[in-house]
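Beneath this line is the structure, given in structure tokens, with notes to follow.
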Amino acid sequence: MLNKRKSTVLLEHHLKQLRLPTILKEYPLLAKSCSHEKCDYPTYLLRLCEKELADRQRRAMDRRIKQAKFGSLKTIDSFDFTAQKSVNEPLIRELLRCEFIDNNENVLLIGNSGTGKTHIATAFGFAACCEGYKVRFFGCTALVTQLLEAREDRQLQRLLKQLEKQDLLILDELGYVPFSKVGSELLFEVVSRAYERQSLIITTNLPFESWTEVCGSERLTGAMLDRLTHRVHIIEANGQSYRLKQSRKRLGRQKIKRQD
Ligand code: ADP
Ligand code: MG
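Reading the sequence shown from the start, the letters are residues 14 to 273 in our numbering.
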């Protein structure tokens, strides 16, 4: 009895040292059910390993989603394609398979406000996290601010290296706020380093011909677009604003209620 307790204590100690928390938690119960089913030892061990592996993969996925820092977590399941007929659903479904990341291709989502660009970009990022890719989501303005601050603190190279470690960078909402000259140059640096090495997803309300308005110099904008669009999938979202449609519906319902 004493011997048995000693082996249990040692086993649990070793499992902790080996960082196998799921096996540690599950082994007694699984031992009982396997003995009930008359499983052999390798089957018992296999089931324990499968549980540990599944938990480990789930934890890693949760960690990747957390590290991506999505503004608000959206998946494609909550996207209503019937409400946004302007987008190319087959292309979106294909991109959700994430092959574009292996091929270092980019995705541009272009269209007016409220048409689900950020939602779709986040859904791509979420799918990529599930597939094991490292993803980082930024609002464009926030990224440029961060780059400018890092430059002032002599931390720019460090930040750029961190960005380079990602498989996919999502730059959301280019075009709402124009960048300073240095800001545009820093954004160009990110795009330029990512070229043929990482994938970028950019959402914007601006057609290409207006990008100079936010990026300043025509030369720099041209060079940036050249890199971005070399291997790119373009999704246009030009329907009505989903937000506007929802609030119109709500207002309509309130009106009807008042008339009752
Ligand atoms: P955009 O980035 O194009 O301005 P968002 O993606 O921010 O638009 O969408 C605005 C809001 O409407 C979000 O809460 C988003 O989840 C929702 N939304 C937009 N389009 C759809 C859609 N087709 N189905 C479901 N929700 C949508
Ligand atoms: Mg948006």
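Quick reminder that beta carbons are idealized off the backbone N, C-alpha and C, glycines included.
Exercise. Measuring from the CB of Asp93, is there a heavy atom of the ligand ADP at a distance below 7 Å?
Worked result: Relative to the ligand ADP, the beta carbon of Asp93 is positioned inside 7 Å of a heavy atom.
For this session: Given a cut-off of 8 Å, decide if Tyr255 and Thr128 are closer than it, judged by their beta-carbon atoms.
Result: By the CB criterion at 8 Å, Thr128 and Tyr255 fall inside the cutoff.
Problem set entry | Beta-carbon proximity check, Gly124 vs Leu161, cutoff 8 Å | No, the Cβ-Cβ distance between Gly124 and Leu161 is not below 8 Å.
Problem set entry | Residue span of the beta strand (DSSP E) that contains Ala134, given as start and end | Looking at the DSSP string, Ala134 is not in any beta strand (DSSP E); the run it does join, the alpha helix (DSSP H), is Lys130 to Cys143.
Exercise. Got a sec: is the Cβ-Cβ distance from Glu226 to anything in chain B below 8 Å?
Worked result: The structure shown contains no chain B; it is built from a single protein chain.
Problem set entry | Option in Arg271, Val245 and Leu264 with minimal Cα separation from Phe113 | By alpha-carbon distance to Phe113, the top candidate from Arg271, Val245 and Leu264 is Val245.
For this session: Out of Leu200, Glu186, Leu187 and Phe192, state which residue places its alpha-carbon closest to the alpha-carbon of Leu173.
Result: Nearest of Leu200, Glu186, Leu187 and Phe192 to Leu173, Cα basis: Leu200.
Exercise. In terms of alpha-carbon separation, which member of Phe192, Glu231, Thr217 and Met237 lies closest to Arg206?
Worked result: Nearest of Phe192, Glu231, Thr217 and Met237 to Arg206, Cα basis: Met237.
For this session: Run the CB neighbour count on Arg72, radius 10 Å, all protein chains shown included, and call it buried at 16 or more, exposed below.
Result: Exposed, because fewer than 16 other Cβ atoms sit within 10 Å of the Cβ of Arg72.
Problem set entry | For Phe92 and Lys268, the rounded distance between their alpha carbons | Near 27 Å, if we compare the C-alpha coordinates of Phe92 and Lys268.
Exercise. Out of Leu37, Pro191 and Val190, which has the shortest C-alpha to C-alpha gap to Lys64?
Worked result: Among Leu37, Pro191 and Val190, the Cα nearest to that of Lys64 belongs to Leu37.
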